[in-house]
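A.B. asks:
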């Protein structure tokens, strides 16, 4: 009886992993062109299950499995940016639900994903990997959107979480600085 339960859980996790694929984003900017950061046009992905949902731990397990299984550096960078953007949008939804502390914690975790994306970008470059020319532009726009949205969320939130959002804003500013220095 116990073996059937373990098999059921493992097959459910595998099915969940197979059903939930990652998104592929294609950007159409010619390399070398000056870009204007238009954060209003950068859409955040739908966050799916929020952290206050009982099935959220399954989503975390799925995300960790995907993180472990992705070996291509470019796909891993895209995955980290996607996770950062999803966590930011989760913060927006949680703020709308008046879950201010949970929203701040979730946004903070999203900023850490963006740090991981930039770290992976530097590691891929040091390893001699060819990166798409729009990769830094995507991270730059994402970081600018993070600063914009975090400021909006902070203004809607009570004073008790402003310090946490301040830390997230400083992390986002550091991310923008690091991505701006990339390739120089």
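Residue numbers (full-length UniProt numbering): 1 to 184.
Built from N, CA and C at the ideal position, the CB exists for glycine as well.
1. Would you say residue 77 and residue 127 are within 8 Å of each other, going by their C-beta atoms?
2. Return yes when the Cβ of residue 82 is within less than 8 Å of the Cβ of residue 45, no when it is not.
3. For residue 156 and residue 149, I'd like the C-alpha separation in whole angstroms.
4. For residue 173, collect the residues of the same chain with a Cβ closer than 8 Å to its Cβ; drop the 5 residues on either side in sequence, then sort them by chain order.
5. Would you check if the distance between the CB atom of residue 42 and the CB atom of residue 49 is smaller than 8 Å?
6. Should residue 110 be labelled buried (16 or more other beta-carbon atoms within 10 Å of its own) or exposed?
7. Can you check whether the CB of residue 136 is closer than 8 Å to the CB of residue 179?
8. Identify, in the order they occur along the chain, each residue of the same chain with its Cβ nearer than 7 Å to the Cβ of residue 47, setting aside the five sequence neighbours on each side.
9. For residue 102 versus residue 51, is the C-beta distance shorter than 8 Å?
10. Can you list, in chain order, the residues of its chain whose CB lies under 8 Å from that of residue 118, leaving out five sequence neighbours each side?
C.D. replies: Taking the definition as stated:
1. Along the chain shown, one-based indexing puts residue 77 at 77. Along the chain shown, one-based indexing puts residue 127 at 127. Using a Cβ distance threshold of 8 Å, residue 77 and residue 127 do not count as a contacting pair.
2. Start at 1 with the first residue of the chain shown, and residue 45 comes out as number 45. Start at 1 with the first residue of the chain shown, and residue 82 comes out as number 82. For the 8 Å CB-CB criterion, residue 45 and residue 82 form a contact.
3. The residue given as residue 156 occupies position 156 in the chain shown. The residue given as residue 149 occupies position 149 in the chain shown. The alpha-carbon atoms of residue 156 and residue 149 are separated by roughly 11 Å.
4. Within the chain shown, residue 173 is the residue found at index 173, counting from 1. Within the same chain, residue 173 has close Cβ partners 147.
5. As a first step, residue 42 is located in the chain shown; it is residue number 42 there, counting from the start. As a first step, residue 49 is located in the chain shown; it is residue number 49 there, counting from the start. Cβ distance not < 8 Å, so residue 42 and residue 49 don't count as in contact.
6. The residue given as residue 110 occupies position 110 in the chain shown. Residue 110 should be labelled buried.
7. Along the chain shown, read from residue 1 onward, the residue named residue 179 stands at position 179. Along the chain shown, read from residue 1 onward, the residue named residue 136 stands at position 136. Contact flag set, yes.
8. Looking up residue 47 in the chain shown gives position 47. 86, 89, 90, 93.
9. Here residue 102 refers to the residue found at position 102 of the chain shown. Here residue 51 refers to the residue found at position 51 of the chain shown. Cβ distance < 8 Å, so residue 102 and residue 51 count as in contact.
10. Along the chain shown, one-based indexing puts residue 118 at 118. Taken in chain order, the residues that qualify are 139, 175, 178, 179, 182.
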